[in-house]
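Chemist:
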Amino acid sequence: MKRLTLQQEIEIAEGNIKGLLHFQAFHEDNEEVQMALLEWAKELKRLKGLAEVKTHKNGFEYTEKVTVRGRDRYLLNGEIVALQCIACKDAFELGGFSKNKKGVAGKYSQCKNCDRKQTSQWTKNNPERKQAQNKRNSKRWYNDNKAHKLATHHNWRAEQLSLKATLTSEMIEELSWSRQGRCFLTGRADVELDIDHALPLSRGGGSTLGNLILIDARLNQMKGQQTLIEFLERPEVQAIVDPAHVEETLRMLANYNSMRVQAYELHVEQVAEKADRERKKERQKLKKQLKVIK
Ligand SMILES: [Zn+2]
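Add 2 to the 1-based position in the sequence shown for our numbering, that's all there is to it.
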């Protein structure tokens with residue numbers, strides 16, 4: 003059964019008194035009713051006394067203190083405003099406790115002061131573990147920072163060529179976690195990985211999530227200015243890569259570009275060809291200009 007708040011108890015007492023007064027109007031000399039009235043009047047006075055706003059020595063105001071399973075809760079007009087800490091037994095406003103969805107009033111049962119004491123005690127007792135934790139944190143910071151640097155670098159390179167540049171450090175992180183540190187083409191984990199533009203910047207590809215893969219640094223060197231599609235057509239490459247990983251990679255890239263795999267492959271080919279044509283034109287123009295100068 004749900005416990006009634008003080009406010010609800012007061013309302014019930016007031017309702018009962020009202021009812022009894024109404025009854026008394028018809029049965030003036032009913033002794034039982036008069037006794038009941040007296041009792042309820044006393045109860046109402048007691049409840050109202052309880053409902054008076056009190057100030058706790060720790061500064062918060064409350065109207066009601068309830069003890070549930072040995073632990074005090076302080077209520078102000080029916081709402082929990084303060085709790086007793088199970089460790090130091092002192093009472094504090096809700097702000098003095100860390101969040102915990104499952105706890106009473108969404109708070110931990112131990113106050114923040116006690117949390118801190120416990121943490122520093124743990125650090126004292128486990129200096130080597132604390133050191134390891136610091137190391138992990140700094141390593142994580144380094145990785146985050148690395149992701150940011152990589153995103154900025156690849157965006158900058160694409161911008162220089164007026165190509166799409168929409169990378170964020172979160173995308174780089176997503177990329178690095180997506181295959182648990184394995185090469186996107188061979189599935190090998192024991193190799194140094196490079197970020198590769200599936201469609202190279204020199205052939206019209208941008209620095210976007212839908213154009214990046216993580217591959218074995220040696221494969222990246224072999225790939226050079228080839229598109230991923232061209233690269234995968236080479237027999238010596240086909241002998242090294244793992245078909246399942248290649249398929250997953252192509253599906254991933256197509257997906258990021260909101261295309262089906264076949265459409266994506268065609269798209270890469272077309273963009274690369276267009277870039278090639280433009281580069282050729284530019285070279286011819288340059289040649290002509292040079293002839294004029296001569
Ligand atoms: Zn405490």
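Note that CB positions come from ideal geometry on N, CA and C, so glycine has one too.
What alpha helix (DSSP H) runs, 4 residues minimum, are completely inside the segment 196-259?
Modeler: The segment 196-259 contains these whole alpha helix (DSSP H) runs: 219-225, 230-235, 237-240, 245-258.
Chemist: Compute every distance between the C-beta of Ala38 and the non-hydrogen atoms of ligand 1, then say whether any falls below 7 Å.
Modeler: The answer is no for Ala38.
Chemist: What residue range is occupied by the uninterrupted alpha helix (DSSP H) comprising Val35?
Modeler: Residues 33-52.
Chemist: Looking only at DSSP bridge pairs, what is Arg281 linked to?
Modeler: The partner list for Arg281 (beta bridge, DSSP) is empty, contrary to what the question assumes.
Chemist: Per DSSP, what kind of secondary structure is Arg73 in: helix, strand or coil?
Modeler: The answer is strand: DSSP assigns Arg73 an E or B state.
Chemist: Near Asp218, what residues of its chain come up, given a Cβ to Cβ distance below 8 Å and the 5 sequence neighbours on each side ignored?
Modeler: Result list for Asp218: Cys185, Leu187, Thr188, Arg190, Val193, Glu194, Leu195, Asp196, in chain order.
Chemist: For Ile14, which of Gln36, Phe25, Trp42 has the nearest alpha-carbon?
Modeler: Of Gln36, Phe25, Trp42, the residue nearest in Cα terms is Trp42.
Chemist: Determine the DSSP secondary structure at Cys113, reduced to helix, strand or coil.
Modeler: Here Cys113 sits in strand by DSSP.
Chemist: Which residues in the same chain as Thr309 place their Cβ atom closer than 7 Å to its Cβ, once the five residues preceding and following it in sequence are excluded?
Modeler: Residue numbering for the chain in the displayed model covers 3 to 296; residue 309 lies beyond these limits and cannot be assessed.
Chemist: Kindly indicate which residue of Leu201, Ala265, Arg220, Tyr266 has the alpha-carbon position closest to the one of Ala274.
Modeler: It is Leu201 whose Cα lies nearest to the Cα of Ala274.
Chemist: DSSP three-state call for Ser100: helix, strand or coil?
Modeler: Strand at Ser100.
Chemist: Between which residues of its own chain and Tyr110 is the CB-CB distance below 6 Å, once the five residues before and five after are set aside?
Modeler: Counting only Cβ-Cβ distances below 6 Å, and skipping sequence neighbours, we find Phe99, Ser100, Asn102.
Chemist: Does the Cβ of Ala89 lie closer than 7 Å to at least one heavy atom of ligand 1?
Modeler: Checking the Cβ of Ala89 against ligand 1 gives yes.
Chemist: According to DSSP, is Gln86 helix, strand or coil?
Modeler: It is a strand residue.
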